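Engineer: Residues in the sequence shown are numbered from 2 upward in steps of one, following the working numbering. All C-beta atoms in this analysis are idealised placements derived from N, C-alpha and C, irrespective of residue type, glycine included. Remember, it's a predicted structure, so these values are computed and weren't measured experimentally.
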Amino acid sequence: MKIVAEYSFKGGKEFIEKNHLAELKEIKEVVSSVDAPSCKTKESKEKTMKGRMLYSPIKLNNIFFDGFKKRGWNTVRIQVNTTVPEINKTHKGFREIDMIKNKLGVEIQFGKYAFMVYNVSAKMTIFSKQSIIDSGVEIVPMLSLAKEMSTGVSYFEQMKTDLEMRGESDIDIPVLILGIDKDKLNKQ
């Protein structure tokens, strides 16, 4: 796969290039090591694409995770709880970030659109507040790749639009969003 677009949210690109250049190099190595054709293994059962072979988010995630783990990156999970006095209950759960190395967090997202902006606007902020990360990278498909996945998968162009329209907040952290695509574009 290849990186075809970047969006620097709250100075993410500049911060990461200054403070995490070695980790950014590894991220780019992982992306370029993914063999896209080997991930086109999901047969669609959706009405509009029945029988069509699509890119499998599970297979893509597994290959990305393997590439990061080989380079010493780790998944980090934190326990969370909050009390709801109105019902006299405590909710316990966890938050997990895909990969972290030297305080740089990475999320790989081939899911629904809400998860992409949630990663940047909430999850990465939570991990930063816990002093686990100081910046993040979000790896997402470009629209051209998302069109070859199940319906509802979000894409770089949509995420960039949402973040530009939302604007930055004092609690946001520097994040670099990377839009990825196949090495060779298929003729449509």
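Can you tell me the Cα-Cα spacing of Lys-41 and Val-176, whole angstroms?
Structural biologist: Stepping through the sequence shown from its first residue, residue 41 is reached at position 40. Stepping through the sequence shown from its first residue, residue 176 is reached at position 175. The alpha-carbon atoms of Lys-41 and Val-176 are separated by roughly 29 Å.
Engineer: Is Phe-10 helix, strand or coil when you go by DSSP?
Structural biologist: Indexing the sequence shown from 1 puts residue 10 at position 9. It is a strand residue.
Engineer: Along the chain, where does the alpha helix (DSSP H) that runs through Ser-33 open and close?
Structural biologist: Sequence index remark: in the sequence shown, residue 33 carries index 32 (1-based). Residues 22 to 34.
Engineer: Which residues mark the beginning and the end of the alpha helix (DSSP H) in which Asp-67 is found?
Structural biologist: Counting from 1 along the sequence shown, the entry for residue 67 is found at position 66. Here the alpha helix (DSSP H) through Asp-67 covers 58 to 71.
Engineer: Short check: CB of Asn-62 to CB of Ile-109, under 7 Å?
Structural biologist: Sequence index remark: in the sequence shown, residue 62 carries index 61 (1-based). Sequence index remark: in the sequence shown, residue 109 carries index 108 (1-based). Their beta carbons are under 7 Å apart, which means Asn-62 touches Ile-109 by this criterion.
Engineer: Are the CB atoms of Tyr-8 and Ile-178 nearer to each other than 7 Å?
Structural biologist: The count along the sequence shown starts at 1 and reaches residue 8 at position 7. The count along the sequence shown starts at 1 and reaches residue 178 at position 177. Yes, they are a contact pair.
Engineer: Could you tell me the alpha carbon to alpha carbon distance between Val-85 and Ile-127, rounded to whole angstroms?
Structural biologist: Position 84 of the sequence shown holds residue 85. Position 126 of the sequence shown holds residue 127. The straight-line gap from Cα to Cα measures roughly 20 Å.
Engineer: Anyone know if the C-beta pair for Val-35 and Gly-180 falls short of 7 Å?
Structural biologist: One-based indexing of the sequence shown puts residue 35 at position 34. One-based indexing of the sequence shown puts residue 180 at position 179. Cβ distance not < 7 Å, so Val-35 and Gly-180 don't count as in contact.
Engineer: Apart from the five residues on each side of it in sequence, which residues of its chain come closer than 7 Å, Cβ to Cβ, to Leu-25?
Structural biologist: Counted from its first residue, the sequence shown places residue 25 at position 24. Answer for Leu-25: Ile-17, Glu-18, listed in chain order.
Engineer: Are the Cβ atoms of His-21 and Leu-105 separated by less than 7 Å?
Structural biologist: Residue mapping note: residue 21 aligns to position 20 of the sequence shown, counting from 1. Residue mapping note: residue 105 aligns to position 104 of the sequence shown, counting from 1. Result yes, Cβ atoms of His-21 and Leu-105 sit closer than 7 Å.
Engineer: If the criterion is Cβ atoms closer than 7 Å, does the pair Glu-158 and Leu-144 meet it?
Structural biologist: As a position in the sequence shown, residue 158 is number 157, starting the count at 1. As a position in the sequence shown, residue 144 is number 143, starting the count at 1. Yes, these two residues count as a Cβ contact at 7 Å.
Engineer: Is it buried or exposed, Ala-37, if we count other Cβ atoms within 10 angstroms and call 16 or more buried?
Structural biologist: Residue numbering aside, residue 37 sits at position 36 when the sequence shown is read from its first letter. That one is buried.
Engineer: Ordered along the chain, which non-local residues of its own chain (more than five positions away) have a Cβ less than 7 Å from that of His-92?
Structural biologist: As a working mapping, residue 92 is identified with position 91 in the sequence shown. Same-chain partners within the cutoff: Asn-82, Thr-83, Val-85.
Engineer: For Gly-68, which residues of its own chain have a beta-carbon under 8 Å away from its beta-carbon, when the five flanking residues on both sides are left out?
Structural biologist: Here the question's residue 68 lines up with position 67 in the sequence shown. Closer than 8 Å at the Cβ level, and outside the excluded window around Gly-68, lie Glu-30, Val-31, Ser-34, Val-35.
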